[in-house]
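The block underneath contains the structure these notes are about, expressed in structure tokens.
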Amino acid sequence: MYAQIILFDGFDPLDAIAPYEVLYAGGTASGGTVSVELVSAEGAREVVSGTGCLTLRATAALDPRRAGLILVPGASGRVGEPGEVPDHDAGAGEWQQDESIPVRLGRTLATELPTLLKAAMDNPEVTVSAVCGGSLVLAMAGLLEGRYATTHHMGLDMLDATGVHAVSARVVDDGDLVTGAGVTSGLDLGLYLLEREVGPQIAHAVEELFAHERRGTVWRNEGPVPAGL
0 MYAQIILFDG FDPLDAIAPY EVLYAGGTAS GGTVSVELVS AEGAREVVSG TGCLTLRATA
60 ALDPRRAGLI LVPGASGRVG EPGEVPDHDA GAGEWQQDES IPVRLGRTLA TELPTLLKAA
120 MDNPEVTVSA VCGGSLVLAM AGLLEGRYAT THHMGLDMLD ATGVHAVSAR VVDDGDLVTG
180 AGVTSGLDLG LYLLEREVGP QIAHAVEELF AHERRGTVWR NEGPVPAGL
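Under numbering that gives the first Met the number 0, the first residue of the sequence shown carries the number 0, and numbering increases by one thereafter.
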């Protein structure tokens with residue numbers, strides 16, 4: 000499995016690095032079955048995160064035609080005012096260090112990322128995943144209407160407003176779309192993807208290595224609907 004983890008200006012470092020480390024360790028534990036790379040819509044470049052100008056290097060351009068996994072992180076920055084939503088015009092103007100998370104998510108709409116993500120979603124050989132506000136990036140691009148997904152608990156109403164079936168769960172599996180909630184859920188998302196795509200023994204080995212027990216039940220749209228809870 001080849002995994003591409005997307006970096007964009009203002010990304011949240013933990014959203015990207017947590018699943019990167021899990022998947023990289025899964026590749027080691029599986030004898031190279033999994034490979035992982037940091038990419039961007041623009042190609043190889045230094046990408047500045049939204050956390051203290053921490054910079055990571057994307058080593059390649061996002062390729063939506065390549066089979067495997069594509070993961071979209073969220074953004075970091077100011078939480079934003081109540082009711083503040085991502086703006087399609089947020090990409091205008093110069094980068095500001097004190098920007099809110101909704102503005103930084105909105106900036107992705109002014110890049111080639113939405114077009115590339117649509118191509119990935121249309122590719123039956125690609126599983127698209129997201130951590131935290133990464134789900135909102137996909138939703139703002141109009142790619143998740145009618146799908147089941149989760150995001151940070153503070154963004155669930157915003158996700159629901161885009162036509163997504165927003166689920167308050169740690170990890171949501173909707174087939175070729177797998178999403179995680181808050182930033183630390185990137186660990187759980189990565190481990191679940193390892194289990195699903197490579198096998199439970201590899202996932203368990205990485206879980207033990209990281210001294211991290213996965214939290215919560217992975218939500219799927221299966222089985223009877225609970226009542227009276």
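Heads up, the beta-carbon is just placed ideally off N, CA and C, and yes, glycines get one too.
Tell me the rounded alpha-carbon separation between residue i and residue j.
i, j, result
"M139", "D11", "18 Å"
"W218", "R169", "8 Å"
"E124", "D173", "15 Å"
"S75", "E111", "20 Å"
"Y1", "I16", "16 Å"
"V182", "T149", "12 Å"
"P101", "D187", "24 Å"
"L61", "T126", "14 Å"
"R146", "E20", "28 Å"
"S29", "E36", "17 Å"
"R213", "C131", "16 Å"
"E194", "A204", "10 Å"
"D3", "G49", "The question names Asp, yet the displayed sequence has Gln at residue 3. Approximately 20 Å, taken between the alpha carbons."
Grab the span of the alpha helix (DSSP H) containing residue i for me, first residue to last.
i, result
"V130", "Counting along the chain, V130 falls outside any alpha helix (DSSP H), though it belongs to the beta strand (DSSP E) covering V125 to V130."
"L193", "S184 to E196"
"A204", "P199 to L208"
"L155", "L155 to A160"
Mapping the DSSP letters down to three states, classify residue i as helix, strand or coil.
i, result
"V21", "helix"
"T27", "helix"
"L176", "strand"
"L137", "helix"
"V171", "strand"
"L115", "helix"
"H152", "helix"
"A74", "strand"
Rounded C-beta distance between residue i and residue j? I'm assuming under 8 Å.
i, j, result
"S167", "L155", "6 Å"
"L190", "A180", "Not confirmed; about 14 Å, so no contact."
"G25", "V33", "5 Å"
"G185", "D14", "5 Å"
"A129", "T178", "5 Å"
"L116", "L137", "6 Å"
Could you spell out where the beta strand (DSSP E) holding residue i opens and where it closes?
i, result
"R44", "R44 to V47"
"V35", "S34 to S39"
"A66", "From DSSP, A66 is part of no beta strand (DSSP E); its letter is neither H nor E."
"T107", "No beta strand (DSSP E) holds T107; DSSP gives it neither H nor E."
"A229", "The question about residue 229 has no answer here: the residues shown for the chain are numbered 0 through 228."
"A2", "Y1 to I5"
For chain D, check one thing: does any of its Cβ atoms lie closer than 8 Å to the Cβ of residue i?
i, result
"E212", "Absence of chain D from the displayed structure is noted, only one protein chain being present."
Evaluate the contact criterion for the segment 46-53 versus the segment 64-71: three or more CB pairs, one atom per stretch, below 8 Å.
no
Check whether the segment 3-21 and the segment 107-117 are in contact - that is, three or more C-beta pairs closer than 8 Å.
yes
Report yes or no: do the segment 40-48 and the segment 131-150 share at least 3 C-beta pairs separated by less than 8 Å?
Verdict: no, contact absent.
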